[in-house]
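From first to last, the protein sequence lines stand for chains U and X. For any residue, its number in this note's numbering is found by taking its place in the first sequence, counting from 1, and adding 8. For any residue, its number in this note's numbering is found by taking its place in the second sequence, counting from 1, and adding 5.
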Amino acid sequence: MRGFGATLGLYEPGRGFLYRTPLAVKAVASLACAVAVIAWRSPATTAVALLLAVGGLLVGARLSPARVLRMLLPAAPVLGILALYQGVAQDWLRAFVVVGGITACLLAARALTLTTRTQDLLDGVVRLVRPFRRLGADPERFALALSIMLRSIPYLAGLFVDVRQAARARGLERNPRVVVTPLVLGAVAYAHRTGEALAARGLGEGEPDEALPDEPTGP
Amino acid sequence: MEPAQTTVTGTAGTGRRSTRRRWDATDLSLVAVFAALIAALAILPGIPVGPLGVPITLQTLGVLLAGLVLGPARGTAAVLLYLVAGLIGLPVFSGFSGGFGVLAGPTAGYLLAFPLAALVAGLLTVGVLRRTRRFRVVLLFLAALTASLLTIHPLGIAGLMLNAGLPLRDAILVDVVYLPGDVVKDVLAAVLAVSVHRAFPRLLAAKPPLRA
């Protein structure tokens with residue numbers, strides 16, 4: 009998990025006070041942004057949220073304004089159309105409130121992922137589960153599931169590319185069934201292999217007293 | 006979120022169905038790999054369609070597949086795991102890159118509906134697989150369609166109204182654009198699920214009561 013987390017994460021090393029802010033504070037702030045923008049939909053809320061998010065990125069992560077704008081690029085088409093719609097169908101102040109609010113929350117969330125190492129994020133969410141142990145939650149198995157998931161994404165993405173190329177070679181790339189069937193079957197087979205590997209190492213099984221007869225899993 | 010699901014299954018094991026049991030390592034890795042499958046399908050191709058450009062991806066295909074292939078408990082857990090990974094900021098959502106920000110975005114309703122969709126699809130699938138061996142593709146297609154009509158579309162519309170500030174009529178119009186694509190994805194999910202259950206018959210079928 010440690011090795012791979014870095015490749016999937018959005019963390020970029022840098023300086024600024026956001027890098028030293030505890031994860032819990034950043035998470036609460038980023039969540040509070042979403043709650044505030046949805047609960048109190050007003051120009052003032054949007055303006056404050058936008059100021060804090062942009063200010064946080066500029067000062068707290070020492071980004072250039074151009075970098076901040078570029079962060080919004082993936083969401084730009086949706087935001088643009090939404091702003092246009094709100095402006096024309098309703099009024100431009102409302103367009104600012106709605107789209108500005110969404111923008112602020114996207115930036116706030118991005119500020120968190122930019123300044124927190126992926127490993128710390130994962131540790132943080134597992135820590136969050138720990139209080140639920142009394143209710144039967146199992147932080148260790150949750151962490152294990154999370155790390156298997158992250159490890160599997162590149163494998164499945166690679167499989168998808170391979171399968172699509174194979175389909176293209178047969179002139180079948182437009183048939184989604186031909187493209188996706190091997191991917192899904194491959195995923196299930198991969199999960200079984202991983203499950204066997206885990207069981208062989210005594211990982212991922214339930215509490216020992218609840219364990220089933222000692223037959224290994226799988227066929 | 007996800008371990009709570011584990012508990013549900015764990016306690017369900019004492020219930021009516023004697024075949025239910027606490028998840029073993031294979032169940033755990035099926036949940037994790039399906040969460041990864043949804044992520045892979047969501048990330049890879051993304052074609053923005055419709056007036057709001059909500060990207061049509063195979064994301065919902067992955068969600069429905071989780072229910073159709075893994076059943077209600079593991080399927081829902083897989084989707085929840087996927088959501089948790091996206092909400093803490095890993096780039097596994099299509100379009101937006103993840104993090105709590107999506108909760109304020111126009112697609113939030115769709116994302117939050119996904120676990121419910123897997124749950125409904127999974128429950129219906131278990132019913133279908135237990136009862137009949139015939140017309141499975143058609144029945145699983147209906148299961149997937151029901152799940153997405155009951156959960157993804159209503160909650161998606163609610164999200165558009167709440168987060169994007171659309172009036173009901175406009176939100177429905179935006180949502181309806183995705184309906185034809187969804188039906189195609191439901192068919193695909195049913196065909197795929199039948200293939201998977203044929204290749205891995207023990208995945209959801211009632212397991213023999215004595216495993217030893």
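Where a beta carbon is used, it is the ideal one built from N, C-alpha and C, also for glycine. All figures in this text were calculated on a predicted structure; none of them were measured in a lab.
For TYR19/U, same chain residues with a beta-carbon under 8 Å away, outside a window of 5 residues either side, are THR121, LEU122, THR123, THR124, ARG125, THR126 in chain order. Under the three-state reduction of DSSP, ILE93/X is assigned to coil, being neither helix nor strand.
Chain-order list of chain X residues neighbouring PRO21/U: empty, with the shortest C-beta distance near 16 Å, by a criterion of under 9 Å.
Using a CB distance cut-off of 7 Å, SER38/U counts as an interface residue toward chain X. ALA41/X and MET157/U have their C-alpha atoms spaced approximately 5 Å apart. Note on geometry: alpha-carbon atoms of ASP131/U and ARG159/U lie some 16 Å from one another. Under the Cβ distance rule, SER160/U counts among the residues neighbouring chain X, one pair being separated by less than 7 Å. Taking 8 Å as the upper bound for CB-CB distance, GLY104/X and GLY94/X are in contact here, some 4 Å apart. The three-state reading of DSSP puts ARG70/U in coil, since its state is none of H, G, I, E or B. Counting every other CB atom within 10 Å of its CB across the protein chains shown gives ASP99/U a total below 16, marking it as exposed. Every alpha helix (DSSP H) of 4 residues or more that sits fully in the segment 44 to 115 of chain U is shown, in chain order, as 51 to 63, 73 to 79, 84 to 97. Shown here, LEU66/X sits in a helix according to DSSP, grouped into three states.
Every unbroken stretch of the alpha helix (DSSP H) spanning 4 or more residues and falling wholly within the segment 151 to 197 of chain X is given here in chain order: 158 to 168, 173 to 181. Taking a C-beta cut-off of 9 Å against chain U, the contacting residues of the segment 94 to 113 of chain X are GLY94, LEU95, PRO96, VAL97, GLY100, PHE101, SER102, GLY103, GLY104, PHE105, GLY106, VAL107, LEU108, ALA109, GLY110, PRO111, THR112, ALA113, listed in chain order.
Residue burial is scored here from C-beta neighbours: ARG79/X has at least 16 other C-beta atoms within 10 angstroms and is therefore classed as buried.
In the same chain as GLN64/X, and ignoring 5 residues on each side of it, the C-beta atoms closer than 7 Å to its own belong to ILE43, LEU46, ALA47, SER99, in chain order.
At a cut-off of 7 Å between beta-carbon atoms, PHE168/U makes contact with chain X.
If you check the CB distance, CYS113/U and VAL45/U come in under 7 Å.
At a cut-off of 7 Å between beta carbons, TYR198/U contacts chain X.
Comparing alpha carbon positions, the residue from ARG135/X, VAL179/X, ALA148/X, ALA30/X closest to GLY72/X is ALA148/X. Residue burial is scored here from C-beta neighbours: ASP170/U has fewer than 16 other C-beta atoms within 10 angstroms and is therefore classed as exposed. When 7 Å is used as the limit between beta carbons, GLN94/U is near these residues of chain X: GLY170, in chain order.
Only PRO184, ARG185, VAL188 from the segment 169 to 188 of chain U bring a Cβ to less than 7 Å from some Cβ of chain X. DSSP, read as helix, strand or coil, puts THR189/U in helix. Secondary structure at PRO21/U: coil, using DSSP grouped into helix, strand and coil.
Looking at the backbone, the Cα of PRO147/U and that of LEU92/U are separated by about 45 Å. Between ALA103/U and LEU154/U, the alpha-carbon positions lie close to 38 Å from each other. Below the 9 Å Cβ cutoff, chain X contributes no neighbours of THR123/U, its closest Cβ being approximately 11 Å away. Under the three-pair Cβ rule at 8 Å, the segment 176 to 187 of chain X counts as touching the segment 149 to 167 of chain X.
Against ALA78/X, chain U offers no close residue; the least beta-carbon distance is about 14 Å (beta-carbon pairs closer than 9 Å). Contact between LEU193/X and VAL188/U holds, with the beta-carbon distance rounding to 7 Å and staying under 8 Å. Here SER99/X carries a coil assignment [DSSP, helix/strand/coil]. Rounded to the nearest whole angstrom, the C-alpha separation of ALA83/U and LEU90/U is 11 Å. In chain order, LEU42, LEU70, VAL74, LEU197, SER200, VAL201 make up the part of chain X whose C-beta sits under 8 Å from the C-beta of VAL192/U. Of the other Cβ atoms in all chains shown, fewer than 16 fall within 10 Å of the Cβ of TRP48/U; this residue is therefore exposed. Cα atoms of CYS41/U and ALA117/U: separation of roughly 9 Å, rounded to the nearest angstrom.
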